[in-house]
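*Asks:*
Residue numbers (this note's numbering): 2 to 241.
Encoded structure:
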């Protein structure tokens, strides 16, 4: 099919992101695979081409507003779902070494299919829970940056994500709403987990009124070994 990428290119221009024809084709192929697999499993409620390009792809790579993703760094996306933001970031910034972590094996099968179809190197899709893999010596405190667009409050997300981040690394949470109250409530837990609030970048997605918030947390010391706690506890009993 022929897709009108005019708006997508305009959005990229506003973010000062310069993609090759190959990368744009990869995003289109990613979209096609997303729609194809979405017919047999629940990956996204958004299926319109322009909406997916903006609300999933542009939203994912808007990380550039808060972090220099051009560097050769390691990134883990916790609760990646259909690959947002991690896989979209990999396409836009091939230099990244990306790990995609999700608890549902069907989604990992989809992600592996996209990785294979797009012939992407330096990206790994892992089936598992953050509570388990953050305890593993292979992944604990191994990443320069952890990102997550998962729906959970900041206290819970920090417990899932900060254990993956190296000291001096960064955890960035994507939020779609104003989170001043949530931020205040999470401050204490973030400190316990070895983090420190560094920045909060608020903006609207290009050519839209869609509000976004990138919450930037610096890892200033090692996370105590007891975190993350066993499955379910970070969400049922958030750190206070």
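Every residue, glycine too, gets a C-beta built ideally from N, C-alpha and C. Fair warning: this is a prediction, and the values are worked out from it, not measured in the lab.
Quickly, what does DSSP pair residue 126 with across the bridge? List them, please.
*Replies:* 101
*Asks:* For residue 24, which residues of its own chain have a beta-carbon under 7 Å away from its beta-carbon, when the five flanking residues on both sides are left out?
*Replies:* 92 and 93
*Asks:* How long is the line joining the alpha carbons of residue 39 and residue 148, rounded to whole angstroms?
*Replies:* Between residue 39 and residue 148, the C-alpha separation is close to 24 Å.
*Asks:* Return the residue from the list 203, 236 and 55 that minimises the CA-CA distance to residue 160.
*Replies:* 236
*Asks:* What number of angstroms, rounded off, separates the C-alpha of residue 63 from the C-alpha of residue 238?
*Replies:* 32 Å
*Asks:* On the criterion of 16 or more Cβ atoms from any shown chain inside 10 Å, does residue 59 qualify as buried, or is it exposed?
*Replies:* When all chains shown are included, residue 59 counts as buried.
*Asks:* Put residue 247 into one of helix, strand or coil per three-state DSSP.
*Replies:* This structure cannot settle anything about residue 247, because the visible part of the chain is limited to 2 through 241.
*Asks:* Check each candidate in 2, 4, 231 and 241 and name the one with the smallest Cα separation from residue 136.
*Replies:* 231
*Asks:* Taking DSSP's pairing of strands, which residues face residue 201 in a bridge?
*Replies:* 216
*Asks:* Quick one, which of 240, 206 and 170 has its alpha-carbon nearest residue 9's?
*Replies:* 206
*Asks:* On the criterion of 16 or more Cβ atoms from any shown chain inside 10 Å, does residue 233 qualify as buried, or is it exposed?
*Replies:* Note on residue 233: under 16 other CB atoms within 10 angstroms of its CB, so exposed under the neighbour-count rule.
*Asks:* Name the DSSP beta bridge partners of residue 196, please?
*Replies:* 220
*Asks:* When DSSP labels each residue in this structure, what does residue 13 get in the three-state scheme?
*Replies:* In the structure shown, residue 13 sits in a helix (DSSP, three-state: H, G or I).
*Asks:* Secondary structure at residue 55, three-state DSSP: helix, strand or coil?
*Replies:* DSSP places residue 55 in the helix class (H, G or I) of the three-state scheme.
*Asks:* Rounded C-beta distance between residue 219 and residue 157? I'm assuming under 8 Å.
*Replies:* 19 Å between Cβ atoms; not a contact.
*Asks:* Give me the residue from 102, 14, 119 and 145 with the minimum Cα distance to residue 26.
*Replies:* 119
*Asks:* To the nearest angstrom, report how far apart residue 78 and residue 177 are at their CA atoms.
*Replies:* 17 Å
*Asks:* Name the residue from 165, 124, 123 and 50 whose alpha carbon lies nearest to the alpha carbon of residue 315.
*Replies:* Coverage of the chain is limited to positions 2 through 241, which leaves residue 315 absent and any answer about it impossible.
*Asks:* For residue 145, which three-state DSSP category applies?
*Replies:* strand
*Asks:* Which residues does DSSP list as the beta-bridge partners of residue 77?
*Replies:* 100 and 147
*Asks:* Taking 8 Å as the cut-off, does the region 65-84 touch the region 94-105 (at least 3 CB pairs, one atom from each stretch)?
*Replies:* yes
*Asks:* Comparing alpha-carbon positions, which option in 214, 189, 67 and 140 lies nearest residue 241?
*Replies:* 189
*Asks:* What first and last residue would you give for the alpha helix (DSSP H) that runs through residue 118?
*Replies:* 106-118
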